[in-house]
Amino acid sequence: MPVVVRTFATPAEAAAALASDRSARFIGGGTFIMRALNEGDVGISTIVRLEERALSQIRTIGARVAIGAGATLAQILRDRDLAFLHAPARSIGGPAVRTTATVGGNLFAPSPYGDLAVALLALDATVSVMSGYGARDMPLEEFLAGRDRAAGTIVLSVSCDRPPNPDSFRFRKVARVKPKGVSVLSIAAYVPAVGGRVSGARIAYGAMAPTAIRAKAAERALEGRTLDEAGVAAAVAAAAEGTSPATDAIASAWYRREVVGVHLRRLLLGREA
Amino acid sequence: MAKTPLQFRHNGRDVAIFVGGGMSLLGALRDEVGDFSPKFGCGQGGCGACTVLIDGEPVLSCITLAESVAGKSIETADGLKNGPELHPLQTAFMEAFAAQCGYCTPGMLMAAKALLDRNPAPSRVEVVEAISGNICRCTGYEPIINAILAAAARGAERRA
Amino acid sequence: MLELRKDLFADERDDNLKEIGKPTQRQDMLGHVTATSTYFNDHKLQGMLHLKVLRSPHSHARIRRVDLSEAERQPGVRRIIRGADVPRNLNTLLSLINFGKDDEPSLAVDKVRYKGEPIVAVVADSQREAFEALAKIRVDYEPLPTVFDVEEALKPGAPVINETYPKNTFTYHDVYDHQKLRFGDVERGFAAADHILEQRYQMSPIEHASTETNGSIAAPDTNGRYVVYTSTQALFFSLDTCAKILDVPSNKLHFIGGTVGGGFGGKVDTVTEPLAILGAMLTGRPVRYMIGREEEMLYCAPRGAERIFIKDGVSRDGRILARKFRCLFDSGAYTRLSSYAAVKCAAHLPGPYTIPNVYADVYCVFTNRVPATAMRGFGVTAVDFAIECQMDKLANLVGMDPMEFRILNAYRDGDMKAHRREAKNTALIECVQVAAEKAKWRIRDDFKRMSSRKDGGGPRAAVPATPREPALVTSPASQQRTVYDRPAPPPPEPLRPPPSPPPAAAPSHGAMRFSSVFGSRRR
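Chains as they are written, first to last, in this note's numbering: chain P, 116 to 388; chain W, 263 to 422; chain U, 5 to 527.
Printed below as a string of structure tokens:
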């Protein structure tokens, strides 16, 4: 069957089109869909496009930021209010990929891709989705866990709070090819401190599981500690707990588990990669 | 198979073509417009050989849906020359021996143009970042980086 | 930028160079920067069809049945090509110079021998329709035992990958299952050595990853000829290969190469042209067969992996007394150019050094991997990696500077090489000296004064007595058996009885000019 492109003006119509056709796929920036088509994936027969301006908008209300799912990584890099997301956005693809790659698409990117989702997870982001059941909000963590069963779901926007202290939010992508390359792993760490001690840390990993995940054992071990060698030791020791990295063309599961603690330590201590 | 009409601006000229569903911008440019300058290297958005500019921004045409560029302005390496005169980047690439097999060159030129049009005096780090999505298997990148810096420097001289 | 050391060998040169040393612009550079250099795919032919192949998911399997009925009915399908449609469906690339037996089909018929081997080609109006038809082809496979390791492939009882070469090794001169180099007596050399170092080296297969993938477009031309635009690096070689496979006189084919978008050796195997031309013959239309990127990475030929065992005997003053090699080339499922790679390897041993006792066995081995091909000095680059790592280790072992160690052991003009040819115009010593200078690596004055033109020849020009097989030493001399950075591998067992002595007419050593490539002519 030849490929058919259907363009809609509202998310509801687009979601309905996806729900009614198993071979339909939603296209954001196209970095995954077009690749699949080029490589001969005949399981895709319908491409659903959404042309709605609101989907690409970035709104800031006080400390809360709402990024339309259609916003591109290049847009994020141009927005000073989103400086805390610049490190992860810049680490993805090259300039041309960032021109078209969307925030929404990155939430669906399969491991080892999806580095922006890692950062958003550590920021405890909320996603607003549209499916056959209508629109609703859910924590990003819940979305990622159910992502594979979410056929026909369209992400509308992602929201999170801007970190009050920029230094408390750190991101690092470990890749063999620099400045851009696919992740061996990526780490986002939100480590706010009260009186010099970490309070309410959130650590997220990319490429350490089928989706971005929170490193809850490391988070617990960091609670109440100082960000120095002795303070982070327990968290570093627990770095790989709960992870299930894959072996792929980039790195083996063994390697990823071996080095995640090394990179976590360097990130928490503010050291160079 | 029903085809979709598509109109856009190509290197300053208005073009009107028909594209099949799912056709990439790369396919549309090469097969329908007859512009062979963007190249197929991977079909995955990984090598950059298909880089073109859409409204001045670098884009990978192999993973861009042709239909999505309706009404936009596309620039390819084919349009760099000004009549018989080479674009300063083209001259700089020649002088710096910045090509061997030449297959990555059109994409490199467009990535470089996107950079210099926005940032006429880039640092070396900025040049490296600008071509970070373009793979070259022949030159080892140094001549290309030098060429872009030389073109920028020459542009600065002219403006001074 | 470019520095010419004209002080070196100055008296040997006529220094009125007109081109060398001056940066000369490439004649295609203007085409490259204006994007007018023409690659094979930069042609728009009316009514062009698209060819894609069905590839085996198994590394080794019998093909029991191929069902094309549903695929043939798919929209846009013009023709499906099977092995039986290929006029001469068995070939080996170097048959053009009478080297090797035809062992590889263009389209597999009864058996597949590597994962990704093409079985059927679909020619359709669009690439998408070709992919859809491929998805409708049903093949019944009977998987067979596989072997992926060169040493496993050589063991008795290993699965036979290719019935053309039932011992899983390429056969040289119809008789020999490996290349042999013998010079002096390595066992006596080892017995006299103060240190023995035995190491195993392994190169991985390497993908060329040219920015342009392999591909060609073939179209019916005037006068019953076919014009072929191709990415090949080897225009006439590819033309003649197609003439053979398609059983047409070579003047029926008009090959037009263009600029190659990066070859590095990966565009000589003539994989796409025969099927593209056949598609044009069978449909009467232009046909393009372009390899995709994942296809290229997974199923097109890489540089072959090589496993190299080196055993050296070195005296405490740093002279290498004996060097023994066992090299195993992983040719993958078919020969292609690996038979030649093994010859080049043997011709390169023991490296640019004068070693009085040299022994080498070089095998071209078949496994169920993707067939290997040429890449950047194939046959030589990998063995040099092994040799030079070994040289560093040996230097460390005897406590000598690695640069000085190489200068000490380097060959010099007049030395007899292991191939029984006099070393001429050697320059390793000067290369090492200049490298040391550039790296600001201090070497002692007497090493700075050494020269390729001094101290060679004389007793070093003699061909030593070379037994057919080295003498077995019953008691090892007082030597230090050295374990370097990993446990020494067990000594290789003799896997098969040595080949029976060659017919009396063949020389035992010395006199005959070394030439392995051109065996007896077959008609």
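Every residue, glycine too, gets a C-beta built ideally from N, C-alpha and C.
Candidates Leu238/P, Asp282/P, Ala332/P, of which the one nearest alanine 352/P by Cα: Ala332/P
Proximity below 7 Å, CB of lysine 295/P to CB of serine 394/W: yes
8 Å contact criterion, which proline 306/U and valine 374/U should meet: CB distance rounded: 7 Å
Whether aspartate 334/U touches threonine 377/U by CB criterion (7 Å): no
Exposure of glycine 161/U, with buried meaning 16 or more beta-carbon neighbours within 10 Å: exposed
Alanine 502/W versus isoleucine 397/W - alpha carbon distance: Only positions 263 to 422 of chain W appear in this structure, which leaves residue 502/W out of reach.
Pairwise C-alpha distance: glycine 308/U and phenylalanine 123/P: One C-alpha to the other measures close to 51 Å.
Per-residue DSSP class, three states only, for glutamine 306/W: coil
Three-state secondary structure (DSSP) of lysine 295/P: In the structure shown, lysine 295/P sits in coil (DSSP, three-state: anything other than H, G, I, E or B).
Arginine 275/U vs glutamine 237/U beta-carbon contact at 7 Å: Residue identity differs from the one stated: residue 275/U is valine in this sequence, not arginine. Not a contact, by the Cβ cut-off of 7 Å.
For glutamine 394/U, the three-state DSSP class (helix, strand or coil): The answer is helix: DSSP assigns glutamine 394/U an H, G or I state.
Residue from Pro406/U, Tyr118/U, Ile84/U, Asn93/U with nearest C-alpha to proline 109/U: Of the candidates Pro406/U, Tyr118/U, Ile84/U, Asn93/U, the one whose C-alpha sits nearest the C-alpha of proline 109/U is Asn93/U.
Close-in-space but distant-in-sequence residues of the same chain around alanine 132/P (CB under 8 Å, 5 per side omitted): Excluding residues within five positions, the ones whose Cβ falls inside 8 Å are Arg121, Phe123, Ala139, Thr161, Val163.
Strand pairing of proline 267/W, partner residues [DSSP]: Phe280/W
DSSP three-state assignment for isoleucine 281/U, whether helix, strand or coil: helix
Three-way DSSP call (helix, strand, coil) for lysine 184/U in this model: strand
As assigned by DSSP and simplified to three states, the class of phenylalanine 382/U: coil
Assumed close pair arginine 186/U, threonine 430/U - CB separation to whole angstroms, cut-off 8 Å: Not confirmed; about 22 Å, so no contact.
Simplified DSSP state of threonine 528/U, which is helix, strand or coil: Nothing can be reported for residue 528/U, as the shown portion of chain U is limited to 5 through 527.
At least 3 beta-carbon pairs within less than 8 Å: the region 289-303 of chain U vs the region 339-350 of chain U: no
Cβ neighbour criterion (16 or more within 10 Å) applied to histidine 177/U: exposed
Buried/exposed call for valine 384/P, threshold 16 Cβ in 10 Å: The residue asked about is misnamed: residue 384/P is leucine in this sequence, not valine. Classification for leucine 384/P: exposed.
Residue from Cys435/U, Arg448/U, Glu441/U whose Cα sits closest to the Cα of arginine 416/U: Cys435/U
8 Å Cβ cut-off: residues of chain W touching proline 117/P: Result: Met263, Gly282, Gly283, Gly284.
At least three beta-carbon pairs within less than 8 Å, the region 133-145 of chain U to the region 67-85 of chain U: Verdict: yes, contact present.
Selection from Phe258/P, Ala237/P, Met116/P that minimises the alpha carbon distance to glycine 283/W: Ranking the options by Cα distance to glycine 283/W, first place goes to Met116/P.
Per-residue DSSP class, three states only, for aspartate 225/U: coil
Valine 143/U to threonine 266/W span [Cα, whole Å]: 37 Å
Alanine 409/W and alanine 354/W closer than 7 Å at C-beta: yes
Closest residue to histidine 64/U among Val113/U, Lys119/U, Thr96/U (Cα-Cα distance): Lys119/U
Proximal chain W residues relative to proline 215/P, where beta-carbon distance stays under 8 Å: A small correction: the amino acid at residue 215/P is threonine; proline does not occupy that position in the sequence shown. Those within 8 Å of threonine 215/P in chain W are Val321, Leu322, Ile325, Thr326.
Within chain W, partners of arginine 277/P - CB distance below 9 Å: Chain-ordered listing is empty here: chain W has no CB closer than 9 Å to the CB of arginine 277/P, the nearest sitting near 25 Å.
From Ser319/U, Leu49/U, Thr226/U, Met301/U, residue whose alpha carbon lies closest to that of lysine 256/U: Lysine 256/U has its Cα closest to that of Thr226/U, out of Ser319/U, Leu49/U, Thr226/U, Met301/U.
Isoleucine 142/P versus glycine 308/W: straight-line alpha-carbon distance, rounded: 18 Å
Test: valine 120/P CB closer than 7 Å to a CB of chain U: Not an interface residue.
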